[in-house]
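Here's the structure, in structure tokens; my notes come after.
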Amino acid sequence: MKSEKLRWGILGAGNIAKKFVLGVQGSYHCDVIAIGSRSKEKAENFAREFDIPGSYGNYEDLLGDPEVDAVYISTPHPFHARWAIQSARAGKHILCEKPLAINYPEAMRVVAAAKENDVSLMEAFMYRCHPQTAKTVELIGEGAIGEVKVIQASFSFHAGFNPDSRLYNNELGGGGILDVGCYPVSMARLIAGSAAGKAFLDPVDVKGTGHLCETGVDDYAAAVLHFPNDVIAQVSCGIGVNQDNICRIYGTEGDIVVPLPWTPGIEGESSAILLHKGGKEEEITVQPDRPLYGIEADTLAENVERRQAPSPAMSWDDTLGNMKTLDAWRDSFGFLYNSERPEGEIPPATGTPPAPRRDAGMLYGEIEGIDKKISRLVMGVDKVFGQNFANAMFDDYYERGGNCFDSAFIYGGGACERELGRWIRMRKLRDNVVLLDKGAHTPHCNPQSLTDQLMESLERLQTDYIDIYMLHRDNPDVPVDEFADVLNEHYDAGRIHAFGGSNWSIDRIEELNRYASSNGLKGFSAISNNFSLARMLQPPWKGCMASSSNEWRRWLEDNQMPLMPWSSQAQGFYAVGDPGNTGNKDMVRCWYSDDNFQRLERARRLASEMEVETINIALAYVLCQPFPTFPLIGPKSVFETLSCFNALDIELTPDQIKWLDLEE
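Letter by letter, the sequence shown follows residues 14 to 677 of this note's numbering.
Structure, rendered in structure tokens:
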């Protein structure tokens with residue numbers, strides 16, 4: 014019979030793990046039943062000291078223990094993301110020590126893993142679970158000091174410089190911002206949010222600075238955060254200098270001082286909040302009924318069914334916002350860990366080289382000239398993410414079975430190709446991925462520019478060939494034979510394995526292919542025009558062409574020409590389209606029409622029946638055509654990627670396609 018208490022395993026047998034065990038011993042709903050360490054001897058000694066029945070000499074075996082319901086991750090910072098993801102995939106609920114990851118891209122992958130595997134996840138800011146913090150939020154919410162204007166918060170100590178210690182070790186994520194600066198940032202975001210009637214707010218501007226010591230980590234740092242409600246926060250931290258470690262909140266009618274904001278009532282003792290108003294000081298005492306870490310563990314246990322604990326505990330969005338702010342603080346003075354530098358080997362968040370998961374569920378197709386299977390969903394690489402974010406996005410997509418990437422010479426001034434090329438080099442995946450790249454965009458749409466841009470794209474992508482190369486635009490002033498000839502020259506040289514055109518007309522495609530056939534040359538193997546359930550009214554960019562008309566669909570079906578459509582989900586129309594929402598002028602110009610809103614309404618009805626998102630229906634529409642399609646998707650986060658992949662499970666019938674097309 015399953016225990017009524019949540020049964021915990023601990024990953025990591027360090028000092029913080031000992032504090033957690035002592036706290037759990039005073040909890041209401043939790044038991045620690047297993048400890049895991051990289052050393053079997055250390056795990057056994059820890060288990061004996063705290064009377065824990067199970068001990069493991071590695072983390073994998075602990076995660077495989079069916080008796081363990083939840084894990085507390087207390088490893089050094091760089092290993093948080095790895096073991097949180099592995100814990101989620103093992104079906105364990107997760108309490109992970111702060112920070113959840115080294116940076117936002119890693120944290121994004123952790124949260125996505127928890128969401129996808131339907132487990133509870135909470136970042137272990139224990140002060141956020143304490144009643145002192147809840148009382149502070151209550152005071153702010155009820156206007157005890159009027160309108161909040163300024164927040165001052167610090168967490169700093171003098172550890173004494175030791176380059177071999179975790180705190181100063183670059184490879185272990187040392188430094189003040191991640192170790193303790195995350196506390197005042199999280200408090201400032203919480204208080205600014207409370208002042209606005211929200212669980213938290215993210216700053217609209219972060220101006221930070223810091224001092225990097227000889228190991229390349231910050232030993233002291235400070236930042237100013239400006240919030241959308243005009244609250245200003247001054248935050249500071251350090252591992253090389255003592256500060257007062259308190260939180261002050263200034264309002265129009267008074268101020269609040271929290272003398273012990275970060276470690277209130279470690280063993281269950283009372284703590285105090287000082288309220289200054291009208292020239293008087295009121296001491297508000299808070300008496301918890303459990304130790305601090307026991308409250309934290311119980312907070313997860315009490316909310317395990319809902320997967321996230323309510324504020325002021327850390328929700329997933331709260332954690333992600335905090336990580337973004339910490340990244341911005343570090344970016345302000347150019348602080349990157351060695352493991353984050355694009356010229357190095359940025360490790361995957363999972364800790365292991367990315368590989369398609371067995372349960373990925375990807376669909377694949379073929380294109381003439383390509384000797385690899387090609388994922389039916391193509392990752393659009395048209396945004397400059399920054400290498401760490403790009404790696405997280407590409408790793409996630411590849412693990413889901415995606416292997417085809419679309420980019421172009423002009424995207425991001427070359428940065429998009431460079432980020433993609435670095436990722437392929439870091440992961441050693443050139444033989445496993447399919448590159449769709451484009452060049453010769455207007456006004457440089459001519460054979461010589463095609464050659465010049467192709468050669469530069471190969472250099473940026475760090476490869477000697479591109480699987481599918483496409484003319485990004487057509488130029489009717491250039492005879493098709495000139496384009497065909499130069500494309501075949503590069504094909505014969507092995508620089509491209511197949512080619513086609515983006516935003517080309519039927520007449521020009523047929524003319525080029527006739528010329529190629531008559532002269533023993535290769536013709537277009539695929540095209541990349543727009544195609545979506547919504548009909549494009551005007552092109553988003555000059556020279557763009559849609560293939561959604563009846564004429565185009567008949568031609569595609571008759572010729573079975575593979576289509577790799579851009580804006581396959583009508584640039585988000587099926588997510589945010591609304592006749593009353595006219596703020597996005599480009600969306601209104603390109604997609605707002607009566608018949609598109611009729612299609613949107615039908616897609617919503619079908620999505621409701623199938624219990625999926627409307628945008629999934631829109632993407633499934635493209636996938637379920639009677640001709641080969643490889644729709645391009647442009648996710649901005651791994652959460653959007655996950656949403657897109659849900660469309661792979663939807664099979665629309667020909668009758669449903671006609672109904673969505675308003676043909677029935």
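Ideal placement from N, C-alpha and C gives every residue a C-beta, glycine not left out.
This one's a predicted model, so the numbers in the text were calculated from it and none came from an experiment.
The beta-bridge partner set that DSSP reports for E110 consists of A137.
By the C-beta density criterion, K649 is exposed, having fewer than 16 other C-beta atoms within 10 angstroms. Around Y117, the same chain offers M336, K337, D340 as residues with beta carbons nearer than 6 Å, after the five sequence neighbours per side are excluded. Under a 10 Å Cβ-count criterion, T365 is classified as exposed, with fewer than 16 other Cβ atoms of the shown protein chains found around its own Cβ.
Residue pairing by DSSP places T298 opposite A285 in a beta bridge.
Secondary structure at D419: strand, using DSSP grouped into helix, strand and coil. In the three-state scheme derived from DSSP, where H, G and I count as helix and E and B as strand, I646 is classed as strand. Distance check between K396 and each of L390, G427, M375 places G427 closest, using alpha-carbon atoms only. The straight-line gap separating the alpha-carbon atoms of V299 and M121 is approximately 35 Å.
Unbroken beta strand (DSSP E) stretches of 3 residues or longer found wholly inside the segment 134-213: 134-137, 161-169, given in chain order. The beta carbons of D231 and L238 sit no closer together than 7 Å. For A26, the closest C-alpha among the options Q38, E54, H42, G36 is that of E54. Secondary structure remark: continuous beta strand (DSSP E) runs of at least 3 residues inside the segment 218-292, in chain order: 218-225, 231-239, 245-251, 260-264, 267-271, 284-290. Per the coordinates, the alpha-carbon of S199 lies some 17 Å from the alpha-carbon of N242. Annotated three-state conformation of W568 is helix, per DSSP.
Annotation: the continuous alpha helix (DSSP H) that includes L463 extends over 460-474. Apart from sequence neighbours up to five positions away, the residues of its chain that approach V219 with a beta-carbon distance below 7 Å are A236, L238, T338, A341, W342, S345, ordered along the chain. With a cutoff of 7 Å on beta-carbon distance, E280 and L287 are scored as not near each other.
The segment 243-252 makes no contact with the segment 369-389: fewer than 3 CB pairs, one atom from each, lie closer than 8 Å. P553 and P456 have their C-alpha atoms roughly 17 Å apart.
Assigned with DSSP and collapsed to three states, D74 falls in helix. Here L467 is buried: its Cβ has 16 or more other Cβ atoms, across all protein chains shown, within 10 Å. CA-to-CA, the gap between K162 and P176 works out to about 40 Å.
Around the beta carbon of A506, a 10 Å sphere encloses fewer than 16 other beta carbons of the protein chains shown; the residue is thus reported as exposed. If one requires a minimum length of 3 residues, the beta strand (DSSP E) runs lying completely within the segment 374-409 are 391-393, in chain order.
Here the C-alpha atom of G291 lies approximately 27 Å from the C-alpha atom of W275. Counting C-beta pairs with one atom in each stretch, the segment 258-273 and the segment 153-169 have three or more that are closer than 8 Å, which means they touch. Only residues of its own chain outside the window of five on either side were considered, and among them P367, D408 have a CB closer than 7 Å to the CB of P361, listed in chain order. Look at S538 here: in three-state DSSP terms it is coil, with no helix or strand label. One Cα belongs to V446, the other to G434, and the distance between them is close to 11 Å. Sequence-distant Cβ neighbours of M600 in its own chain, meaning closer than 8 Å and more than five residues away, are Q584, G585, F586, V589, G590. For K451, the enclosing beta strand (DSSP E) has its first and last residue at 447-452.
Beta-bridge partners of F640 (DSSP): none assigned. Inclusion of Y196 and F168 in the CB contact set at 7 Å is warranted, their separation being smaller than that value.
DSSP, read as helix, strand or coil, puts R303 in coil. Membership of Y482 in the beta strand (DSSP E) is indicated by the continuous run 479-484.
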